[in-house]
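K.L.:
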Amino acid sequence: MVRLAADEPFEPRTVAGLDVTYEPGSGRCAAAVVVLDAGTLEVVDESTAFGTAAFAYVPGLLAFRELPPLMAALGELTVVPDVLVCDGYGIAHPRRFGLASHLGVVTDRPTLGVAKNPFTGVYEPPGDDRGCWSELREDGETLGRVLRTRRGVKPVFVSVGHRITLDRATDLVLALCTRYRLPEAIRRADRLSRRLLRGSSGSPAAEGEPGTGRPVDPVERQQARLRDGRAYR
DNA sequence: GCGACAG
DNA sequence: ATCTTGTCGC
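Anchor point for the first sequence: position 43 equals 43 in the UniProt record's numbering, and the numbering is continuous, going up by one each time.
Structure follows, in structure tokens:
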């Protein structure tokens, strides 16, 4: 297994953005993963999965709600991304283990979290220019950064998930924010999951690629990959 | 005790 | 997260 040393340059070639969209009334949801070329930001691969929320949203338990559909979607990818950009928090969590942390451990991939709203910790507003940031702290420790990705816009909250430093996470987020407040990878995943959920009313299991000898069910396919040691190892 | 609280 | 039009500003 290839593992980077703490001070080794981190040059991801592919970056995955992840997101889940929910249907208003029911617990029906759609997860999407969009993989971009880290240099050109062009789409390299994308995958989706339908799901049903197992329980109502509870602050602090987001990972347990979104991990299943996100893992199902990840299992549909044809590539293993170099880093996962999650919609939410990593270490900046009441128990220091948010969605990005979970996804990192389960996939054994570098991960980071980008949140649109504050959760836990205190901070001062960062400067108005793109790239300005302030520390998100709690109990004398640094949990993440409040980062301005565009001049004058509301900052985002960046935190480490797994196998990445806060410096690299910050750099990567800025590199992914070329035109909007949020990283391009997350915006793409958001759009895809929305489109998927809107454009389907009945059968929640109409996904899959026919003709391939692999399992059509996302969960089974992911399990098969793990058995073969080909995914996230 | 009360309020706040990622998506 | 989602319900939702127009509107102000760069």
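Using N, Cα and C, we set each Cβ at its ideal position, and we do this for glycine too. None of these values were measured; they are calculated from a predicted model.
Would you identify the three-state DSSP class for A206, choosing helix, strand or coil?
P.N.:
Taking the first residue of the first sequence as 1, we reach residue 206 at position 206. The predicted model places A206 with a pLDDT of 42, which falls under 50 and marks its position as unreliable, so this point remains unresolved.
K.L.:
Mind checking who L147 pairs with in its DSSP beta bridge?
P.N.:
If you number the first sequence from 1, residue 147 lands on position 147. In the DSSP output, where bridge partners are listed per residue, L147 has W133 and V156.
K.L.:
What are the boundary residues of the alpha helix (DSSP H) that includes V173?
P.N.:
Counting from 1 along the first sequence, the entry for residue 173 is found at position 173. Residues L166 to L176.
K.L.:
Which residue wins for smallest C-alpha separation from G25, given the options L196, V80 and A53?
P.N.:
If you number the first sequence from 1, residue 25 lands on position 25. Ranking L196, V80 and A53 by Cα distance to G25 puts A53 first.
K.L.:
Use the C-beta contact count for G144: other C-beta atoms within 10 angstroms, 16 or more gives buried, fewer gives exposed.
P.N.:
Residue 144 sits at position 144 when you count from the first residue of the first sequence. The residue is buried, with at least 16 neighbouring Cβ atoms inside 10 Å.
K.L.:
How far does the alpha helix (DSSP H) with T107 in it reach, from first residue to last?
P.N.:
Position 107 of the first sequence, counted from the start, is the residue given in the question as residue 107. It spans L99 to T107 - the alpha helix (DSSP H) in which T107 sits, taken as one unbroken run.
K.L.:
Please say whether C86 and A100 have beta carbons closer to each other than 7 Å?
P.N.:
Against the first sequence, residue 100 aligns to sequence position 100. Against the first sequence, residue 86 aligns to sequence position 86. Result yes, Cβ atoms of A100 and C86 sit closer than 7 Å.
K.L.:
Beta-carbon within less than 6 Å of L70's beta-carbon, same chain only, minus the 5 sequence neighbours each way: which residues are those?
P.N.:
Position 70 of the first sequence holds residue 70. For L70, where only same-chain residues beyond five positions count, the Cβ hits under 6 Å are L18 and A31.
K.L.:
What beta strand (DSSP E) runs, 3 residues minimum, are completely inside the stretch 36 to 69?
P.N.:
Complete beta strand (DSSP E) runs here, min 3: 43 to 52.
K.L.:
Are the beta-carbon atoms belonging to L196 and I164 less than 7 Å from one another?
P.N.:
Translated into positions along the first sequence, residue 196 becomes position 196. Translated into positions along the first sequence, residue 164 becomes position 164. No.
K.L.:
Tell me where the beta strand (DSSP E) around A115 begins and ends.
P.N.:
One-based indexing of the first sequence puts residue 115 at position 115. Counting along the chain, the beta strand (DSSP E) containing A115 begins and ends at T111 to A115.
K.L.:
Using a Cβ-Cβ cutoff of less than 6 Å, which residues in the same chain neighbour D190 once the five nearest sequence positions on both sides are dropped?
P.N.:
The count along the first sequence starts at 1 and reaches residue 190 at position 190. D19, listed in sequence order.
K.L.:
Which two residues bound the contiguous alpha helix (DSSP H) that contains L192?
P.N.:
Position 192 of the first sequence holds residue 192. E184 to R198 is the extent of the alpha helix (DSSP H) around L192.
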